[in-house]
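Engineer: Just so you know, my numbering puts 288 at position 92 of the sequence shown, and the rest follows in order with no gaps. Quick one: the structure is below, questions incoming.
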Amino acid sequence: MKQTLGIDIGGSGIKGAMVDLELGDFASERHRIRTPKPATPDKVAKVVAEIAAHFGSPDSIGCTFPAIVKNGVTLSAANVDKEWIGTDAGALLSKETGANVTVVNDADAAGIAEVRYGAGKGQSGVVIMTTLGTGIGSAIFNNGVLLPNTELGHLRMNRKTAEEFASDRIRDKEELSWKRWANRLEKYYQMLEFFFSPDLIIVGGGVSKHHQKFLPHIRVKAPIVPAQLRNRAGIIGAALHNHL
Ligand code: BGC
């Protein structure tokens with residue numbers, strides 16, 4: 197049985213678990229450490245190393261990061277410490293853990309996992325995965341192939357970015373009812389639909405466990421469904437990405 201350590205680096209927690217890539221599920225308990233403040237590259241790298249040590253310091257590790265990641269280098273920092281911009285996260289985390297660490301955008305990781313094992317399994321054509329959380333993350337697939345770093349949470353809506361208008365953080369901050377939030381999301385998904393003509397839209401992020409409260413209010417042509425792997429998608433996708 198092939199097991200890989202997946203680590204999900206988020207704004208509030210850094211979480212790891214061993215992943216069974218045949219089953220597409222956890223092969224261990226999840227281990228979580230609170231994200232250090234400020235979440236600078238050096239501090240985060242120490243936590244990643246601590247998680248790696250907890251799981252017996254494996255040789256290869258897949259990590260997510262909530263920003264643009266190209267060839268292991270983090271190129272943006274919308275909701276994270278600006279010191280990450282231009283950091284070779286792959287090299288830094290490899291050095292700190294002594295493992296071969298790959299780094300992938302968090303929404304791309306969640307999408308990879310959903311398309312392989314979850315709500316997008318077997319779906320041909322264009323699949324859009326979005327994660328609704330502090331920001332809005334996106335991943336686009338055509339016949340299972342990812343177009344990385346699409347950053348569709350930064351499209352403009354009402355003179356803001358989409359994630360400043362319709363993320364789960366904004367729902368909370370502005371105390372929007374589920375219906376009012378769904379109205380904002382409807383505008384957002386209709387825009388995505390106009391641009392990309394998806395065959396399936398998958399909605400992830402922690403809030404997707406309440407999908408019955410908001411998804412039925414969103415009218416789009418494509419089927420719009422909740423993610424199946426929920427908060428395991430990032431870790432599972434990170435581990436899978438390490439083997440792609
Ligand atoms: C970032 C994306 C990330 C998303 C979800 C956005 O602010 O720009 O890279 O995928 O948040 O964490």
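A virtual CB, placed ideally from N, CA and C, is assigned to each residue, including glycine.
1) Which word fits Val341, buried or exposed, when buried means at least 16 other C-beta atoms lie within 10 angstroms of its C-beta?
2) How would you call Pro262, buried or exposed, if buried means at least 16 neighbouring beta carbons within 10 angstroms?
3) Check the C-beta distance from Lys417 over to Glu382 and give it rounded, since I have them as a contact under 8 Å.
4) Is Glu359 near the ligand BGC, with its Cβ less than 8 Å from a heavy atom?
5) Taking the Cβ atom as the reference point for each residue, do Gly202 and Ile431 lie within a distance shorter than 9 Å?
6) What are the residues that DSSP puts in a beta bridge with Ile203?
7) Which of helix, strand or coil does DSSP assign to Asp284?
8) Is Thr327 near the ligand BGC, in the sense that its beta carbon is under 8 Å from a heavy atom of that ligand?
9) Locate the alpha helix (DSSP H) running through His437, then write down its first and last residues.
10) Does the pairing of the segment 273 to 287 with the segment 223 to 242 give three or more beta-carbon distances under 8 Å?
11) For His437, count the other beta carbons within 10 Å of its own beta carbon; 16 or more makes it buried, fewer makes it exposed. Which is it?
12) Cβ of Asn275 within 8 Å of any heavy atom in the ligand BGC?
13) Taking Gly433 and Ala305 to be in contact with their CB atoms under 8 Å, please state how far apart those CB atoms are, rounded to whole angstroms.
14) When you compare each of Ala213, Ala378 and Ser404 to Gly252 by their alpha carbons, which one comes out closest?
15) What whole-angstrom Cβ distance do Asp302 and Asp204 have, given they're in contact under 8 Å?
16) Would you kindly check if the distance between the Cβ of Ala335 and the Cβ of Ile308 is under 9 Å?
17) So within the segment 392 to 427, which uninterrupted alpha helix (DSSP H) runs reach at least 4 residues, ignoring any that extend past its ends?
18) Could you tell me the alpha carbon to alpha carbon distance between Ala423 and Gln408, rounded to whole angstroms?
19) Grab the span of the alpha helix (DSSP H) containing Gly307 for me, first residue to last.
20) Per the DSSP calculation, Ile332 is bridged to which residue(s)?
21) DSSP has Leu343 in a bridge; who is on the other side?
22) To the nearest angstrom, how far is the alpha carbon of Gly318 from that of Ser393?
23) Kindly examine the ligand PLP and report whether one of its heavy atoms sits closer than 8 Å to the Cβ of Thr330.
24) What residue range is occupied by the uninterrupted beta strand (DSSP E) comprising His227?
25) Please list, in chain order, all residues of the same chain as Asn267 whose beta carbon is under 8 Å from its beta carbon, the five residues on each side excluded.
Structural biologist: Working from what's here:
1) Stepping through the sequence shown from its first residue, residue 341 is reached at position 145. So Val341 ends up on the exposed side.
2) Walking along the sequence shown from the start, residue 262 turns up at place 66. Classification of Pro262: buried, given that the 10 Å Cβ count is 16 or more.
3) Walking along the sequence shown from the start, residue 417 turns up at place 221. Walking along the sequence shown from the start, residue 382 turns up at place 186. Not confirmed; about 12 Å, so no contact.
4) Sequence index remark: in the sequence shown, residue 359 carries index 163 (1-based). Yes.
5) In the sequence shown, the residue the question calls residue 202 occupies position 6. In the sequence shown, the residue the question calls residue 431 occupies position 235. Taking 9 Å as the cut-off, the beta carbon of Gly202 is found closer than this to the beta carbon of Ile431.
6) Working through the sequence shown from its first residue, we reach residue 203 at position 7. DSSP, once it has assigned bridges, lists Gly212 and Cys259 as partnering Ile203.
7) Position 88 of the sequence shown, counted from the start, is the residue given in the question as residue 284. DSSP places Asp284 in the strand class (E or B) of the three-state scheme.
8) Locating residue 327 in the sequence shown gives position 131, where the first residue counts as 1. Yes, the ligand BGC has a heavy atom inside 8 Å of this Cβ.
9) By one-based count along the sequence shown, residue 437 stands at place 241. Segment Ala429 to His437, the alpha helix (DSSP H) holding His437.
10) A contact is defined here as three or more CB-CB pairs under 8 Å, and the segment 273 to 287 meets this definition with respect to the segment 223 to 242.
11) Locating residue 437 in the sequence shown gives position 241, counting from the first residue. That one is buried.
12) Locating residue 275 in the sequence shown gives position 79, counting from the first residue. For Asn275, the shortest separation between its Cβ and any heavy atom of the ligand BGC lies below 8 Å.
13) Numbered from its first residue, the sequence shown carries residue 433 at position 237. Numbered from its first residue, the sequence shown carries residue 305 at position 109. That pair is a contact at about 3 Å.
14) Stepping through the sequence shown from its first residue, residue 252 is reached at position 56. Nearest C-alpha to Gly252: Ala213.
15) Stepping through the sequence shown from its first residue, residue 302 is reached at position 106. Stepping through the sequence shown from its first residue, residue 204 is reached at position 8. About 7 Å separates the two Cβ atoms, so the contact holds.
16) Start at 1 with the first residue of the sequence shown, and residue 308 comes out as number 112. Start at 1 with the first residue of the sequence shown, and residue 335 comes out as number 139. Ala335 is positioned such that its CB atom lies closer than 9 Å to that of Ile308.
17) Listed in chain order, the complete alpha helix (DSSP H) runs (minimum 4 residues) inside the segment 392 to 427 are 407 to 410.
18) Sequence index remark: in the sequence shown, residue 423 carries index 227 (1-based). Sequence index remark: in the sequence shown, residue 408 carries index 212 (1-based). So the alpha carbons of these two residues sit roughly 12 Å apart.
19) For the purposes of this step, residue 307 is taken as the residue at position 111 of the sequence shown. For Gly307, the uninterrupted alpha helix (DSSP H) run begins and ends at Asp302 to Tyr313, by DSSP.
20) The residue given as residue 332 occupies position 136 in the sequence shown. Leu328, per the DSSP bridge assignment.
21) Numbered from its first residue, the sequence shown carries residue 343 at position 147. DSSP, once it has assigned bridges, lists Ile336 as partnering Leu343.
22) Translated into the one-based positions of the sequence shown, residue 318 becomes position 122. Translated into the one-based positions of the sequence shown, residue 393 becomes position 197. So the two alpha carbons sit approximately 18 Å from each other.
23) The ligand PLP is absent from the structure shown, which contains only the ligand BGC.
24) Indexing the sequence shown from 1 puts residue 227 at position 31. Segment His227 to Arg230, the beta strand (DSSP E) holding His227.
25) Translated into the one-based positions of the sequence shown, residue 267 becomes position 71. Setting aside the 5 residues that flank it on each side, Asn267 is surrounded in the same chain by Gly286, each with a C-beta closer than 8 Å to its C-beta; the list follows chain order.
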